[in-house]
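*Asks:* Take a look at this one; I'll ask things after.
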Amino acid sequence: MKVILLGSNIGKRQEYLDKASDLIERRIGKIVLSSSVYETEPWGFTNTGLFLNKVVCLDSSPEPEILLKSLMQIETDMGRRRTGHQYTSRLIDLDILFYGDRIIESRDLVIPHPKLHLRKFTLVPLNELFQNFVHPKLGKTINELLKACNDPLVVKIYEGKGNQKVSSE
């Protein structure tokens, strides 16, 4: 289970999520599960642009470090420019949340994502797909992490065009 969070809060947000999903499938691996798209308030900074977020699960992918480089290349190819500020508006943001039950802590990559348990915009779509998955480092299910999360920001199903789930079942 290789799980990626997709997010966008600039411009044609849904189109950016769709394009990123397409590029992930063409360059990295088949998306076998996709959560609903959620509209969320920015986390860690104030901005008028709401994010669209969704979680996708790949059936296979390269090793984690190569996956990270591939995702960063997709972001660059789509027009994302890294400013050095951690929390800022962006055309597209692609984060590795889980790589199965592997724990990786290197200079360039930390898996599971170190802040996913603090963010409802991550936990809500994860809970839709994997509520009983046990976080390999924290030892709690996604559902337990969501119930314990103190994040006050609003996360709601996006009612816009194109909010269909993808499932291989």
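Numbering (this note's numbering), first residue to last: 3 to 171. Backbone N, C-alpha and C fix where the C-beta goes; we use that ideal spot for every residue, glycine too.
Please determine, among R104, H119 and I98, the residue with the shortest C-alpha to C-alpha distance to I30.
*Replies:* Answer by Cα proximity: I98.
*Asks:* So what's Y18 in DSSP terms, helix, strand or just coil?
*Replies:* DSSP places Y18 in helix when its eight states are reduced to three.
*Asks:* Tell me the DSSP secondary structure of L60 in three-state form.
*Replies:* L60: strand per DSSP, three-state reduction.
*Asks:* For V39, does the three-state DSSP call read helix, strand or coil?
*Replies:* In this structure, V39 counts as coil in the three-state DSSP scheme.
*Asks:* For S169, which of helix, strand or coil comes out of DSSP?
*Replies:* Residue placement at S169 is flagged as unreliable, the pLDDT there being 38, under the threshold of 50; a coordinate-derived value is accordingly withheld.
*Asks:* From the DSSP output, in three-state form, read off K71 for me.
*Replies:* In the structure shown, K71 sits in a helix (DSSP, three-state: H, G or I).
*Asks:* Where H137 and A22 are concerned, what is the direct C-alpha to C-alpha distance, given to the nearest angstrom?
*Replies:* When rounded, the distance between both Cα atoms is 26 Å.
*Asks:* Just the Cα atoms here: how many angstroms apart are R28 and N152?
*Replies:* Cα to Cα, R28 sits roughly 37 Å from N152.
*Asks:* Where does K149 fall in DSSP's three states?
*Replies:* In the structure shown, K149 sits in a helix (DSSP, three-state: H, G or I).
*Asks:* Please determine, among S10, F132, E43 and I26, the residue with the shortest C-alpha to C-alpha distance to L60.
*Replies:* Among S10, F132, E43 and I26, the Cα nearest to that of L60 is on I26.
*Asks:* According to DSSP, is D79 helix, strand or coil?
*Replies:* Helix, per DSSP.
*Asks:* Which residues in the same chain have their Cβ closer than 7 Å to the Cβ of E43, if we skip the five residues on either side of it in sequence?
*Replies:* Result list for E43: L52, L155 and V156, in chain order.
*Asks:* Might you give, ordered along the chain, the residues of its own chain that have their beta carbon closer than 8 Å to the beta carbon of E17, omitting 5 neighbours on each side?
*Replies:* The answer is none, since no qualifying residue turns up.
*Asks:* On the criterion of 16 or more Cβ atoms from any shown chain inside 10 Å, does S108 qualify as buried, or is it exposed?
*Replies:* Exposed, since its Cβ has fewer than 16 Cβ neighbours within 10 Å.
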